[in-house]
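A short worksheet on the structure shown next.
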C-alpha cells in the first residue's frame, strides 16, 4: 500500500470510499424526492385575481426570468403533490416579488403562508417590504420574532384562528404553541442558515405544505443537483433593467478603513 497516496487522500481505496459515501447520499435524496412525489398535497386552484392586481400596482415590469420562475412555481402549486423547490438569484434580482406572488396565490385559495428568515433584521426587512407591497390587497401580515414576547400571545391566537394571512418571522415560527389554521405555503429564506431539524419543524406545522426555499448564494447547477437533489431548481439569472450588478469583495480585519 502506498503511504504517500494515503496521506494525500488520493489512493484508489479512499476514492472508492468517497464514491460509496456520495452514492449513498444521492440515493437517499432520490428516495426522499420519489416519496414526496406520491404524497398528497394541496392543489391550489387560484384564478390569479390577486396576482394580477398586485402586478398592476407594481411600478415596474417583471423580467423574463421572473416570469419564467413564477410559472414554474405556479405549475408546482397547482399539482396535487407538495412543492419542494429551490429558488436561487442574486441580491436585487426580485426573489421577494416572486415569493409574494406565491403567497397571494395561496391566500386566494384560503391558505396561510409563512416566511422564515434566519435573523430578526432580515425578517423585519421582509415584513416592511411585503407589507408595503400588499397593504391595499385586504390581507393581514404579521411579524413574529423572539424579541416580541409581549405581542406573541396575541399573534398566536390570530394565527391559529386564520385571522392573519401571511406570517413572517424567525425561528420563533417553529416554537411550541405556534399553530396555524391552514398553512399551505412555507418559504425558507437562506436555508443553509437553518439546521435540518428547524426546516423540518416548519414543514410539520401543516400537512404536506408547499415549500419554497430561497437563497442568494450562487450555486452551480451541478452542485445544486448534488446537494439539493430532493428539490426542484429555479434560478433568476437576470437583473431588472437599470440595476447594477452586485459586486462581492472580501476584506480582512486590517482593511476596515476601506469599507
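Numbering (the working numbering), first residue to last: 94 to 352.
Beta carbons: idealized from backbone N, C-alpha and C, even for Gly.
Just so it is clear, the structure is predicted and the values come from calculations on it, not from any experiment.
field: Span of the beta strand (DSSP E), counted from its first residue to its last, around residue 305
entry: That run of the beta strand (DSSP E) goes 303-308.
query: Assuming residue 309 and residue 182 make a contact with CB atoms under 8 angstroms, what is their CB distance in whole Å?
result: 7 angstroms
Outcome for residue 145 when other beta-carbon atoms lying within 10 angstroms are tallied against a minimum of 16: exposed
- prompt: Excluding the five sequence neighbours on either side, which residues of its own chain have a C-beta within less than 6 angstroms of the C-beta of residue 259, listed in chain order?
  reply: Sequence-distant Cβ neighbours of residue 259 in its own chain, meaning closer than 6 angstroms and more than five residues away, are 196, 206 and 234.
query: Are residue 225 and residue 254 touching if we call contact CB-CB under 9 angstroms?
result: No; because the gap between Cβ atoms is not below 9 angstroms, this pair is not in contact.
- prompt: Measuring CA to CA, which of 266, 248, 305 and 283 is closest to residue 298?
  reply: 266
field: residue 75 vs residue 331 beta-carbon contact at 9 angstroms
entry: In the structure as shown, the chain begins at 94 and stops at 352. Residue 75 is therefore absent and cannot be evaluated.
Proximity to residue 276 [Cα-Cα], best of 161, 245, 175 and 106: 175
task: Pick helix, strand or coil for residue 205, following the three-state DSSP scheme.
output: The answer is strand: DSSP assigns residue 205 an E or B state.
message: On the CB-based measure, 16 or more other CB atoms within 10 Å of its CB, does residue 192 come out buried or exposed?
response: Buried.
query: Which residue spans inside the region 242-299 form an unbroken beta strand (DSSP E) run of at least 3?
result: 259-262 and 276-282
query: With DSSP run on the structure shown, which of helix, strand or coil describes residue 140?
result: coil
task: Quick one: grab the DSSP three-state call for residue 101.
output: coil
message: Between 143, 139 and 271, which has its C-alpha nearest residue 169's C-alpha?
response: 139
Whether residue 153 touches residue 333 by CB criterion (9 angstroms): yes
- request: Decide if residue 142 is buried, meaning its Cβ has at least 16 other Cβ atoms within 10 Å, or exposed.
  value: exposed
message: Taking its Cβ as the centre, do 16 or more other Cβ atoms sit within 10 Å of residue 262, making it buried, or is it exposed?
response: buried
query: Is DSSP giving residue 329 helix, strand or coil here?
result: Looking at residue 329 - three-state DSSP - the assignment turns out to be strand.
query: From residue 113 to residue 324, what distance separates their C-alpha atoms?
result: 22 angstroms
query: Around the C-beta of residue 162, are 16 or more other C-beta atoms found within 10 angstroms, so that it is buried, or is it exposed?
result: buried
- prompt: Is residue 216 near residue 208, with beta carbons less than 9 angstroms apart?
  reply: yes
message: Considering just the uninterrupted stretch of the alpha helix (DSSP H) at residue 162, what are its terminal residues?
response: Per DSSP, residue 162 belongs to the alpha helix (DSSP H) from 157-171.
message: Just to confirm my understanding: we take residue 296, look at its own chain, exclude 5 residues before and 5 after, and list those with CB closer than 7 angstroms. What are they?
response: 279, 302 and 304, listed in sequence order.
task: Indicate the three-state DSSP secondary structure (helix, strand or coil) for residue 226 in the structure shown.
output: Three-state DSSP puts residue 226 in a helix.
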